[in-house]
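Right, one structure below, let's go through it.
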Ligand code: GLY
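In the working numbering, the protein residues as written are 29 to 478.
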């Protein structure tokens with residue numbers, strides 16, 4: 029559902045309130061399509077998410093300006109020449125023609141102009157209050173980061189129109205996963221499964237996928253971001269699923285700019301082995317228990333660590349690790365098998381607002397440095413919850429790690445499972461005032477298909 033003008037006005041008012049500007053002029057740009065070098069072609073365009081949030085327009089060139097002294101917003105959009113309209117359909121017209129922006133800025137005299145969105149340059153982090161010593165207001169790059177972070181804080185919790193789009197994205201994803209459950213079978217290639225699934229996303233109304241679909245069979249499931257043509261974009265390989273393989277699918281449709289992000293792992297065409305069944309149930313249990321923790325006031329780091337301890341206890345029970353699960357987590361042994369964060373915020377990007385420093389608390393701890401939003405959960409946040417267990421050659425075959433974890437890892441047992449692949453189960457969870465709401469609950473979790 030496209031947000032109404034009233035909803036957009038509310039978003040802008042909340043952002044302007046956070047900005048606390050009195051005299052400056054702010055320009056937020058959607059950006060332009062990126063060109064493919066050596067050709068006259070361009071990659072598919074997506075607007076800077078801050079512009080999508082504040083305008084609900086996706087056309088290249090869309091630019092939103094704010095005059096803090098007047099408290100007024102002005103929207104500018106591209107206009108095509110007749111010559112260009114011979115080749116391309118017109119973009120959705122918005123506001124005033126973009127070529128009037130320069131004159132609009134000139135009318136504001138020599139007031140400070142702060143650029144945000146596509147093309148804006150800003151530092152990695154703001155100086156600490158002690159270091160800043162007034163510099164923040166004098167340095168436009170610091171000011172830009174402060175304003176961008178304020179938009180991020182607004183985008184962190186979703187309004188009803190945003191949730192509506194995420195629900196539509198989840199519904200389109202449901203259609204795709206249902207197709208997989210009915211059609212995937214031994215002998216089909218990963219590519220055939222990907223294309224069949226994505227066709228259902230599009231048939232359900234999704235304009236695009238939220239990210240490159242991961243359709244990984246057998247040992248490929250151990251590459252966290254295994255994608256078609258990841259090996260060679262010119263001549264990609266694709267593997268046929270074998271009976272008894274694990275098939276890990278991490279995919280999601282996008283709708284109205286909003287992502288869904290779902291992972292299911294199934295055994296195809298055979299009953300699960302004891303190891304597959306034990307680990308599948310372990311990952312599911314870790315997911316169910318940590319989804320239940322997604323409640324206001326909970327620190328995300330604690331949810332992540334709880335998942336890690338549950339997985340650690342399971343690996344001890346299975347005889348792959350030795351020791352106390354909590355210690356296995358803190359010493360890093362568990363991260364050999366669960367080397368990513370439990371989840372990330374979801375919204376106008378699949379990893380929403382992670383590029384803004386305020387959204388992620390820095391950590392030197394290798395266990396936590398890739399942890400998504402290490403924040404206190406609030407109603408309106410949408411986060412993925414995606415524990416996993418993997419047998420990753422790059423980690424398990426590394427001599428330094430084998431030596432470091434000689435006592436805590438039962439290497440003989442682990443080496444028997446090299447080539448197992450991976451199991452991940454992921455849903456999109458809305459934090460509410462009450463129980464967490466799983467937005468992707470309609471997507472079944474079969475342990476076996478085909
Ligand atoms: N769904 C892919 C990722 O979260 O990285």
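Each residue gets a CB set at the ideal place from its N, CA and C atoms; glycine is no exception. Here the structure is a predicted model, which means the values were calculated and not measured.
Determine the direct distance from the alpha carbon of residue j to that of residue i, and round the result to whole angstroms.
{"i": "residue 232", "j": "residue 456", "result": "19 Å"}
{"i": "residue 300", "j": "residue 189", "result": "41 Å"}
{"i": "residue 29", "j": "residue 63", "result": "31 Å"}
{"i": "residue 170", "j": "residue 184", "result": "21 Å"}
{"i": "residue 193", "j": "residue 200", "result": "11 Å"}
{"i": "residue 439", "j": "residue 273", "result": "23 Å"}
{"i": "residue 100", "j": "residue 255", "result": "45 Å"}
{"i": "residue 42", "j": "residue 245", "result": "46 Å"}
{"i": "residue 95", "j": "residue 128", "result": "15 Å"}
{"i": "residue 344", "j": "residue 443", "result": "15 Å"}
{"i": "residue 46", "j": "residue 225", "result": "42 Å"}
{"i": "residue 84", "j": "residue 33", "result": "10 Å"}
{"i": "residue 48", "j": "residue 446", "result": "56 Å"}
{"i": "residue 88", "j": "residue 295", "result": "43 Å"}
{"i": "residue 297", "j": "residue 187", "result": "42 Å"}
{"i": "residue 219", "j": "residue 323", "result": "38 Å"}
I'd like the span of the beta strand (DSSP E) that includes residue i, first residue to last.
{"i": "residue 279", "result": "274–279"}
{"i": "residue 43", "result": "Segment 33–47 is the alpha helix (DSSP H) holding residue 43; no beta strand (DSSP E) there."}
{"i": "residue 311", "result": "Where residue 311 is concerned, there is no enclosing beta strand (DSSP E), although the alpha helix (DSSP H) it sits in stretches over 302–319."}
{"i": "residue 149", "result": "Note, residue 149: premise wrong, no beta strand (DSSP E); not H, not E."}
Mind checking who residue i pairs with in its DSSP beta bridge?
{"i": "residue 294", "result": "275"}
{"i": "residue 286", "result": "283"}
{"i": "residue 95", "result": "53 and 100"}
{"i": "residue 466", "result": "457"}
{"i": "residue 221", "result": "Residue 221 is not bridged to any residue."}
{"i": "residue 349", "result": "437"}
{"i": "residue 268", "result": "217"}
{"i": "residue 416", "result": "452"}
{"i": "residue 63", "result": "70"}
{"i": "residue 404", "result": "327"}
{"i": "residue 236", "result": "282"}
Here's a check: name, in chain order, each residue in its chain whose Cβ is nearer than 8 Å to the Cβ of residue i, leaving out the five neighbours to either side.
{"i": "residue 235", "result": "282 and 283"}
{"i": "residue 216", "result": "268 and 269"}
{"i": "residue 465", "result": "457 and 458"}
{"i": "residue 257", "result": "264"}
{"i": "residue 315", "result": "335, 413, 414, 415, 453, 454 and 455"}
{"i": "residue 319", "result": "413, 455, 457, 464 and 466"}
For residue i, which residues from the same chain have a beta carbon less than 6 Å from its beta carbon, with the 5 sequence-adjacent residues on both sides left out?
{"i": "residue 337", "result": "353, 354 and 357"}
{"i": "residue 378", "result": "238, 239, 287 and 289"}
{"i": "residue 278", "result": "242 and 291"}
So what's residue i in DSSP terms, helix, strand or just coil?
{"i": "residue 455", "result": "strand"}
{"i": "residue 328", "result": "helix"}
{"i": "residue 421", "result": "helix"}
{"i": "residue 509", "result": "Nothing about residue 509 can be reported from this structure: the residues present for the chain run from 29 to 478 only."}
{"i": "residue 179", "result": "helix"}
{"i": "residue 202", "result": "helix"}
{"i": "residue 368", "result": "coil"}
{"i": "residue 262", "result": "coil"}
{"i": "residue 376", "result": "coil"}
{"i": "residue 208", "result": "helix"}
{"i": "residue 411", "result": "strand"}
{"i": "residue 125", "result": "strand"}
{"i": "residue 107", "result": "coil"}
{"i": "residue 112", "result": "helix"}
{"i": "residue 338", "result": "helix"}
{"i": "residue 476", "result": "strand"}
{"i": "residue 17", "result": "Given a span of 29 to 478 for the chain in the structure shown, any question on residue 17 remains unanswerable."}
{"i": "residue 196", "result": "helix"}
{"i": "residue 252", "result": "coil"}
Please list, in chain order, all residues of the same chain as residue i whose beta carbon is under 7 Å from its beta carbon, the five residues on each side excluded.
{"i": "residue 209", "result": "472, 474 and 477"}
{"i": "residue 261", "result": "none"}
{"i": "residue 71", "result": "61, 62 and 64"}
{"i": "residue 342", "result": "310"}
Would residue i pass as an interface residue toward chain D - the criterion being a Cβ-Cβ separation below 8 Å?
{"i": "residue 451", "result": "Included in the structure is just one protein chain, with no chain D present."}
Which first and last residues belong to the alpha helix (DSSP H) in which residue i is found?
{"i": "residue 444", "result": "439–444"}
{"i": "residue 141", "result": "No alpha helix (DSSP H) holds residue 141; the beta strand (DSSP E) holding it covers 141–145."}
{"i": "residue 432", "result": "427–432"}
{"i": "residue 81", "result": "77–83"}
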